[in-house]
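Residues 278 to 552 (this note's numbering) are what the sequence shown spells out, left to right.
Glycine included, every Cβ here is placed at the ideal spot set by N, Cα and C.
As structure tokens, the structure follows; a few thoughts come after it.
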Amino acid sequence: MNALHRGWAWVKEHLVLTLGLLVLAYMYVPNVVVALMSFNDASESRNLYRFQSFTWDNWLNPCAPAGMCESVLRSIEIGLLATVVATTLGTLAAFALVRHRFRGRGGMNLVLFLPMASPEIVMGSSLLALFVASGFGGKLGFWTILIAHVMFCLSFVVVTVKSRLGGLDASLEQAAADLYATEFQTFWRVTLPLVMPGILGAALLSFSLSFDDFIITNLNAGQTVTFPMYVWGAAQRGVPMQVNVVGTVMFVVAVAVVLVGEAGARRRRRLLEAA
278 MNALHRGWAW VKEHLVLTLG LLVLAYMYVP NVVVALMSFN DASESRNLYR
328 FQSFTWDNWL NPCAPAGMCE SVLRSIEIGL LATVVATTLG TLAAFALVRH
378 RFRGRGGMNL VLFLPMASPE IVMGSSLLAL FVASGFGGKL GFWTILIAHV
428 MFCLSFVVVT VKSRLGGLDA SLEQAAADLY ATEFQTFWRV TLPLVMPGIL
478 GAALLSFSLS FDDFIITNLN AGQTVTFPMY VWGAAQRGVP MQVNVVGTVM
528 FVVAVAVVLV GEAGARRRRR LLEAA
């Protein structure tokens, strides 16, 4: 009985940790499978997710499948442009909504939230109808994809930056004003550094959403092929293993960015504590 009690006490004490580890394992097992399959030689089998034999060829020749690298570069280009535009506009909108009172502010909050709540098929078809009605029906391509991505990334940027601004300590800006800092100096030296983690988080989220999007892109792409569309098309005849190479690289880069950001934040905290 004592052993049973000790075992039950251990389970209760470590329950949250155990559940957290199980959730993390559930989330990251697909990434491990993708990384494993990037070394799979499945050229002789249509069952692409049965490991045949180990090979380096997928990593040594990532652009072997025709058109794949072009689609990846196109997705990266659209993602970066959409991130810059959406982050800039979304940050300005977040500051306006948090720091200013104006007529229609509540309605603006609702309008900005709607793209997040609407199904992608609804937003994609609505944008397609807009482009066709505006005379761009025969010119669907890179620019219509970019406009569509900015549209749905904008809401996520506003919500992310707003949450950061809402938790900002106003006394810090008041202290800067008490020390005779101008409005610009206060913004540049106090407000912006404090809000920057939220802005960077919104930018990373925007790029991920843009690079990953298929439904909205497919409706507004015309003849332009992005990486998700390439994967969908290749699935009809057998997805090349190099797709897993791209997925592994993107995952490693995302993890590296998060780790570098966390390391920088810890270093700044140590410097502040030492000071």
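- Just so you know, the alpha carbons of Arg351 and Gly344 end up roughly 11 angstroms apart.
- For Trp509, the uninterrupted alpha helix (DSSP H) run begins and ends at Phe504 to Ala511, by DSSP.
- Boundaries cannot be given for Met518, as no alpha helix (DSSP H) includes it and DSSP labels it neither H nor E.
- Contiguous alpha helix (DSSP H) elements confined to the stretch 429 to 508 occur at 447 to 455, 460 to 463, 469 to 489 and 492 to 497, taking only those with 4 or more residues.
- In the DSSP assignment, Asn386 forms no beta bridge with any residue.
- Between Asn497 and Gly401 the beta-carbon gap is near 7 angstroms, inside 8 angstroms, which marks them as a contact.
- Taking 7 angstroms as the cut-off, the Cβ atoms of Ala363 and Val438 do not count as close.
- Taking the Cα positions, Leu374 is about 8 angstroms away from Asn386.
- Distance from the CA of Leu301 to the CA of Gly383, rounded to the nearest whole angstrom, comes to 37 angstroms.
- A Cβ-Cβ separation of about 27 angstroms leaves Gly297 out of contact with Phe484 under the 8 angstroms criterion.
- Per DSSP, the beta bridge partners of Phe331 are Asn317.
- In the displayed model, Phe379 falls within coil according to three-state DSSP, outside both helix and strand.
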